[in-house]
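Colleague: Note that the sequence shown covers residues 3 to 343 in my numbering. For every residue, glycine included, the Cβ atom is placed at its ideal position computed from N, Cα and C.
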Amino acid sequence: MASGLNTSLPPPSTSSLSRSRSSSPQKPSESTYRMRTLLRAGIYVDVDVPEEVKDQINIALQTPPTDAATLERLVSKLQHVSMELTAAQAGETEWTDLLYEIVKGLKPINLLVARNRDWRPDIKPRVHQPSVPQKRLCDTSGAVDSSVKTSAQAPMTPFYLKNPRPDISVGISDRALANILQSRQVRNAKYLLNDLQETRDLISDPGVNPLSLRFPFFLVEAKSGATGSNLYQAQNQAAVGGASAIEILKGLYKACDSPVLNTAPPSGVNTAHCWNETDGSYCMANIDMWRTTRESRASDFVSKISSILNWGSGTFQTTILEKLSFFSAQDSPSTFQPELS
Numbered sequence: 003m004a005s006g007l008n009t010s011l012p013p014p015s016t017s018s019l020s021r022s023r024s025s026s027p028q029k030p031s032e033s034t035y036r037m038r039t040l041l042r043a044g045i046y047v048d049v050d051v052p053e054e055v056k057d058q059i060n061i062a063l064q065t066p067p068t069d070a071a072t073l074e075r076l077v078s079k080l081q082h083v084s085m086e087l088t089a090a091q092a093g094e095t096e097w098t099d100l101l102y103e104i105v106k107g108l109k110p111i112n113l114l115v116a117r118n119r120d121w122r123p124d125i126k127p128r129v130h131q132p133s134v135p136q137k138r139l140c141d142t143s144g145a146v147d148s149s150v151k152t153s154a155q156a157p158m159t160p161f162y163l164k165n166p167r168p169d170i171s172v173g174i175s176d177r178a179l180a181n182i183l184q185s186r187q188v189r190n191a192k193y194l195l196n197d198l199q200e201t202r203d204l205i206s207d208p209g210v211n212p213l214s215l216r217f218p219f220f221l222v223e224a225k226s227g228a229t230g231s232n233l234y235q236a237q238n239q240a241a242v243g244g245a246s247a248i249e250i251l252k253g254l255y256k257a258c259d260s261p262v263l264n265t266a267p268p269s270g271v272n273t274a275h276c277w278n279e280t281d282g283s284y285c286m287a288n289i290d291m292w293r294t295t296r297e298s299r300a301s302d303f304v305s306k307i308s309s310i311l312n313w314g315s316g317t318f319q320t321t322i323l324e325k326l327s328f329f330s331a332q333d334s335p336s337t338f339q340p341e342l343s
């Protein structure tokens, strides 16, 4: 926050207030939510990932970005608007608007961007619930301990993950995948993904209502400190969104990396999400952090996003298409067992 400005904070935007990400009536603190609920879902934030995962992350980050003219234009826009929004103590909506325009300006034609759309709750990781039976506790003499009876017999509240609703989601265009599958003479290519989704053999579109994008690989969660939000909240939301994206990809292959951006503007944090098959956990690793009001950091920020999007439209899409070819070889989608490699 710049000094010398009016420090009265505007109220949160109506859109932020009206959105409910939680499927639970209780609202634990963000730290409690991370340490209890995320832990029970096997979701870990800020972990050190294995070298092989780091290698995959580097492949994405080292993918050539878009042309220099586009980068220069978007870097200038990001830096200058970031300074304006910071001075104005802007809220989440304004920052999301800016990041949405940056992503739209960078994305290749075969990718699709969705904004503020609810994801299906059934793609969230499962949360381990307490299994200790509720029974009457007695002291050594056999008498009921009244001090613990009330708490012991009180119903245990289930732990719920908040439903994903990323501020921005990027995936492969439904039409782009269908066109490529058709060009490869894949049987029933036009309806393959729709059929697999209807039969629940493969969920590839994460939306409660269809988003027309498949296999999301890049998410943005934006927060504004000016309206009382913080990076911790963005990380928690990104952790669940990234884990849900991994759940989609686990239907195609065992291990996957999904870059996710979570921001508390004007700072941005890039994280990668991966699946640890050994202990069945979802890991979220920090890649870098940027202050987008600085030209050099804004430039690196935009370049990294461009590299990730180009990786998604190239290497990632190629892998998806290779896996989908096994689905098309089956007589019926409902009899298919996904190949894991």
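Could you tell me which residues DSSP puts in a beta bridge with Val-115?
Modeller: Locating residue 115 in the sequence shown gives position 113, where the first residue counts as 1. Answer is Val-172.
Colleague: By the 10 Å Cβ neighbour count, where 16 or more other Cβ atoms means buried, how is Gly-351 classified, buried or exposed?
Modeller: Nothing about residue 351 can be reported from this structure: the residues present for the chain run from 3 to 343 only.
Colleague: Could you pull out every unbroken alpha helix (DSSP H) segment of at least 4 residues lying fully inside the stretch 248–328, listed in chain order?
Modeller: 297–313
Colleague: Below 8 Å, how does it come out for the stretch 46–63 and the stretch 183–192: are there three or more Cβ pairs, yes or no?
Modeller: no
Colleague: Give every residue of the same chain whose Cβ lies closer than 6 Å to the Cβ of Ser-309, excluding the five residues on either side of it in the sequence, and list them in chain order.
Modeller: Taking the sequence shown and counting its residues from 1, one reaches residue 309 at position 307. Here the set comprises Leu-63, Thr-65 and Pro-67.
Colleague: Should the stretch 225–240 be regarded as contacting the stretch 188–208, the criterion being three or more beta carbon pairs within less than 8 Å?
Modeller: no
Colleague: Going straight from the alpha carbon of Met-37 to that of Pro-30, what length do you get?
Modeller: Position 35 of the sequence shown holds residue 37. Position 28 of the sequence shown holds residue 30. Near 11 Å, if we compare the C-alpha coordinates of Pro-30 and Met-37.
Colleague: So, with DSSP's three-state summary, where would you put Gly-209?
Modeller: As a first step, residue 209 is located in the sequence shown; it is residue number 207 there, counting from the start. Strand, per DSSP.
Colleague: Taking 8 Å as the threshold (C-beta atoms), are Asp-197 and Arg-117 in contact?
Modeller: Residue mapping note: residue 117 aligns to position 115 of the sequence shown, counting from 1. Residue mapping note: residue 197 aligns to position 195 of the sequence shown, counting from 1. It is not a contact, given that the beta carbons lie outside the stated cut-off.
Colleague: Counting along the chain, where does the beta strand (DSSP E) carrying Val-47 start and finish?
Modeller: Here residue 47 refers to the residue found at position 45 when the sequence shown is read from its first residue. Here the beta strand (DSSP E) through Val-47 covers 45–47.
Colleague: How long is the line joining the alpha carbons of Asp-124 and Asn-211, rounded to whole angstroms?
Modeller: On the sequence shown, residue 124 is found 122 positions in, with the first residue counted as 1. On the sequence shown, residue 211 is found 209 positions in, with the first residue counted as 1. Each residue's alpha carbon lies about 13 Å from the other.
Colleague: So what does DSSP say about Ala-92, is it helix, strand or coil?
Modeller: On the sequence shown, residue 92 is found 90 positions in, with the first residue counted as 1. Ala-92: coil per DSSP, three-state reduction.
Colleague: Return the residue from the list Asp-48, Val-77, Thr-34 and Pro-52 that minimises the CA-CA distance to Asp-302.
Modeller: Numbered from 1 along the sequence shown, position 300 holds the residue referred to as residue 302. Here the closest residue by C-alpha is Val-77.
Colleague: Helix or strand or just coil, what does DSSP make of Leu-163?
Modeller: Residue numbering aside, residue 163 sits at position 161 when the sequence shown is read from its first letter. Leu-163: coil per DSSP, three-state reduction.
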